[in-house]
Amino acid sequence: MLREFFEFMIFTAISGSARLASTNTALLQALALVQSSDYTVKVTRDHFELPIFNPDREGENTPQSVEQFCSVIEQSDGLIISSPEYVRALPGGLKNAIDWLVSRSEILNKPVALAHASHRGDDMLSSLRLVMSTVTSNFDEEHFLSIPMMNKTQGEIEEALLTSDNQEKMVEFLDGFVGFVGGRG
Ligand SMILES: Cc1cc2nc3c(=O)[nH]c(=O)nc-3n(C[C@H](O)[C@H](O)[C@H](O)COP(=O)(O)O)c2cc1C
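Heads up: the sequence shown runs through residues 37 to 221, numbered per my numbering.
Next up, the structure:
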């Protein structure tokens with residue numbers, strides 16, 4: 037239905053959790069399974085391979101893994117980030133990836149929306165909102181997907197993500213983000 041207005045969009049999904057059984061990653065993977073003729077979601081793990089940010093390694097000294105990650109960001113129409121809270125803050129790996137992006141061009145106007153897989157983590161969420169509204173002029177504050185699944189088993193996570201309520205929430209979130217991305221000035 038949105039197709040007549042907007043080009044097909046590719047969204048990159050970034051989890052703050054490197055854990056294989058991560059609920060945040062599972063939520064992003066569920067978004068990647070939503071079928072649409074308007075958009076697709078691809079979950080990346082590239083940011084887990086980045087070295088510790090160091091301004092001395094920017095410019096011509098930029099590591100190849102960072103260039104690779106930034107090129108994935110550049111080719112995306114928007115980013116979806118879902119992260120746990122670690123010690124009342126963003127996990128180091130996620131913050132490290134953002135630090136690599138901050139003085140480059142790829143993130144500047146990139147649309148970003150947040151998802152979250154826990155009933156807790158408000159300190160991390162408010163910090164992440166502040167960080168994202170600082171690094172991009174297109175942080176979408178309106179569309180936020182919350183499907184709390186903390187401490188659920190793999191089977192329970194799958195079950196939760198497959199309920200019609202949650203499937204509907206996911207489609208609504210993605211359609212809303214498409215509208216935000218396509219409707220920018
Ligand atoms: C090192 C560490 C620190 C954590 N710190 C907090 C915290 O400060 N506040 C909180 O609500 N949960 C905290 N948690 C719990 C995680 O945020 C929670 O389990 C989250 O749902 C895990 O997400 P994941 O399933 O995507 O890995 C912490 C977990 C770990 C491993």
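Ideal Cβ positions, reconstructed from N, Cα and C, are used throughout, including at glycine.
Entirely within the segment 50–110 and at least 4 residues each: give me those alpha helix (DSSP H) ranges in chain order. 59–68 and 100–110
In terms of residues, what are the limits of the alpha helix (DSSP H) holding Leu198? Taking the sequence shown and counting its residues from 1, one reaches residue 198 at position 162. Where Leu198 is concerned, the enclosing alpha helix (DSSP H) stretches over Gln190 to Leu198.
Would you give the residue range spanned by the beta strand (DSSP E) that Ile143 belongs to? The residue labelled residue 143 in the question sits at position 107 within the sequence shown. Careful: Ile143 lies outside any beta strand (DSSP E) and carries neither H nor E.
When burial is assigned at 16 or more other CB atoms within 10 Å of the CB, is Val123 buried or exposed? Translated into the one-based positions of the sequence shown, residue 123 becomes position 87. So Val123 counts as exposed.
Would you mind reading off the limits of the beta strand (DSSP E) that contains Leu181? Here residue 181 refers to the residue found at position 145 when the sequence shown is read from its first residue. Here the beta strand (DSSP E) through Leu181 covers Phe175 to Ser182.
Could you name the residues of the same chain whose beta carbon sits closer than 6 Å to that of Ser154, not counting the 5 residues immediately before and after it, in chain order? Here residue 154 refers to the residue found at position 118 when the sequence shown is read from its first residue. Only Pro184 and Met186 meet the Cβ criterion.
If you draw a straight line from the alpha carbon of Lys205 to that of Phe84, how long is it in whole angstroms? As a first step, residue 205 must be located in the sequence shown, where it is residue number 169. As a first step, residue 84 must be located in the sequence shown, where it is residue number 48. One C-alpha to the other measures close to 28 Å.
Beta strand (DSSP E) segment containing Ser163, residue limits: As a first step, residue 163 must be located in the sequence shown, where it is residue number 127. Ser163 -> not in any beta strand (DSSP E); alpha helix (DSSP H) instead, spanning Asp158 to Val171.
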